Every structure is written in structure tokens, then in C-alpha cells.
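This report refers to the structure that appears directly beneath it.
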Amino acid sequence: MLDRFARPLINPPLNRLGRTLARAGWTADGVTLTGLSLGLVSAAVIAAGAPGWALLPLLASRLLDGLDGAVARATQTTDFGGYLDIWCDFVFYGAVPFAFAVLDPANALSAAFLILTFYVNGSSFLGYAIVAEKRGLSTSAQGVKSLYYSAGLLEGTETIAFLVLLCLLPQYFIPMAWVFGSLCLLTAVARVINARNLLK
């Protein structure tokens with residue numbers, strides 16, 4: 009929901025930094041994989057009992073997640089790069105709730121619910137993208153992407169803010185997971201309804 013407002017603010021500095029990284033020899037895929045590595049480090053730090061310290065690699069990971077597209081635009085975009093980017097995102101988004109379950113077994117049920125809702129929401133997003141590609145639909149409302157990004161109640165901006173809150177307030181993981189997971193389900197249902205109206 010907030011991505012369309014955040015993108016005009018963050019894209020110009022990201023593009024400048026992306027061009028700098030490209031000139032320094034970085035590849036978009038290298039940035040993507042480095043971002044995933046940092047995201048997994050943040051999950052490991054959470055699981056080890058230091059969610060507050062996990063903020064540093066988590067935020068660095070999300071910065072690189074935004075930079076890989078900027079590097080690609082400064083060099084060459086590829087279909088594999090877009091695929092790798094979305095795959096790494098889903099690995100990261102599954103790793104963080106899993107880490108909170110490892111941190112405290114009392115979190116396990118709410119972590120499982122959160123991962124389920126990420127899966128449900130992600131499938132509604134990717135399924136729509138596949139059919140949109142087949143029909144030649146496109147949008148740049150959330151920035152220039154390698155696949156169709158259907159808008160929703162919860163998008164990247166909201167998810168990053170949620171993960172930051174989890175690291176800052178780990179004692180509230182259970183209620184926050186249930187609330188955010190429920191909003192993920194609402195987002196998925198809205199996407200399915202929207203797809204039914206547009207694609208029938």
C-alpha cells in the first residue's frame with residue numbers, strides 16, 4: 009500500500025548508488041545474493057537470542073534488495089535476475105519467522121501462522137504475475153520491476169517495517185504475528201477478488 013509513495017523518494021538515491029556499484033564492478037545477481045546472505049545472518053542472530061542486533065544485517069539486506077534492481081538497470085536486466093530476486097525475498101521472509109520460533113518455542117504456532125500467510129499471500133502475488141505476463145499487462149506503480157507487481161494492503165514497505173518492529177519488540181512477537189498474518193490473508197483475498205474481476 010505504501011510502496012507507490014515510498015518509491016519516488018527512495019528510487020533516485022538507489023539509482024545513483026546502483027550506478028556507483030555497477031562502475032565498481034558489482035553485478036545485480038551478486039548484490040541480490042549478498043542481500044540474501046545478510047538476511048540469513050539476521051535470522052541467525054535472532055535465533056541466537058539477539059533480535060536487536062539483527063536489525064543491522066536485516067536493514068543492510070533490505071537496502072541491497074533495493075539496490076540489485078538499480079545495478080541491473082545501470083548494466084543489464086535479465087529474466088534470471090528478476091527470478092533470483094523474488095526467490096531470495098521469499099527465502100528471507102520465511103527465515104525470520106522461523107528464527108523467532110527457534111528463539112522461543114512459545115512463538116512456534118504464531119510463527120507457523122505467519123509463514124503460512126506469507127505463502128498464501130505470495131502465491132496470490134506470483135499467480136497474478138504469471139497471468140499478467142501472459143496477457144501483456146504491466147505496471148510501474150511500485151517501480152520498474154521484472155514481473156508484474158500487483159498492489160496490496162501489505163507490500164514491501166509495510167513488511168520491512170513489521171520486521172523492524174519484531175526485532176525491536178521481540179516480546180510482542182506473538183500478537184504482532186497474528187495481526188500481520190491476518191492482514192496478509194486479507195491482502196491475498198483482495199488480490200484474488202481483483203484478479204477475478206480483471207482476468208475473467
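In terms of the working numbering, the sequence shown has 163 at position 155, counting the first letter as 1, and numbering is strictly consecutive.
Backbone N, C-alpha and C define an ideal beta-carbon position, used for all residues, glycine too.
Since the model is a prediction, treat every value here as computed from it, not as a measurement.
Coil, strand or helix - residue 57 by DSSP: Translated into the one-based positions of the sequence shown, residue 57 becomes position 49. In the structure shown, residue 57 falls within a coil segment according to DSSP collapsed to helix, strand and coil.
Exercise. With burial defined as no fewer than 16 other Cβ atoms inside 10 Å of the residue's Cβ, what is the status of residue 118: buried or exposed?
Worked result: As a working note, residue 118 is residue 110 in the sequence shown. That one is buried.
Residue range of the unbroken alpha helix (DSSP H) whose run includes residue 91: As a working note, residue 91 is residue 83 in the sequence shown. Counting along the chain, the alpha helix (DSSP H) containing residue 91 begins and ends at 87 to 111.
Report task. Using alpha carbons as the reference points, say which of 58, 41, 100 lies closest to residue 178. Result -> What you label residue 178 is simply residue 170 of the sequence shown in a count that begins at 1. The residue from 58, 41, 100 with its alpha-carbon nearest to that of residue 178 is 58.
- Query: Given residue 42, which residues of its chain have a CB within under 7 Å of its CB, disregarding the five upstream and five downstream residues?
  - Reply: The sequence position of residue 42 within the sequence shown is 34, counting from 1. Answer for residue 42: 72, listed in chain order.
Within the same chain, show all residues whose beta-carbon is closer than 7 Å to that of residue 70, passing over the 5 residues directly before and after it, in chain order. Within the sequence shown, numbered from 1, the residue matching residue 70 stands at position 62. Excluding the 5 residues flanking it on each side, residue 70 has same chain C-beta neighbours closer than 7 Å at 168, in chain order.
| task | Would you decide whether residue 76 is buried or exposed? Buried here means 16 or more other CB atoms lie within 10 Å of its CB. | result | In the sequence shown, residue 76 corresponds to position 68, counting from 1. If you draw a 10 Å sphere on the C-beta of residue 76, you find 16 or more other C-beta atoms in it, and that means buried.
Requested in this report: Measure the Cβ-Cβ separation of residue 50 and residue 66 and say whether it is below 8 Å.
Outcome: Along the sequence shown, one-based indexing puts residue 50 at 42. Along the sequence shown, one-based indexing puts residue 66 at 58. Contact: yes.
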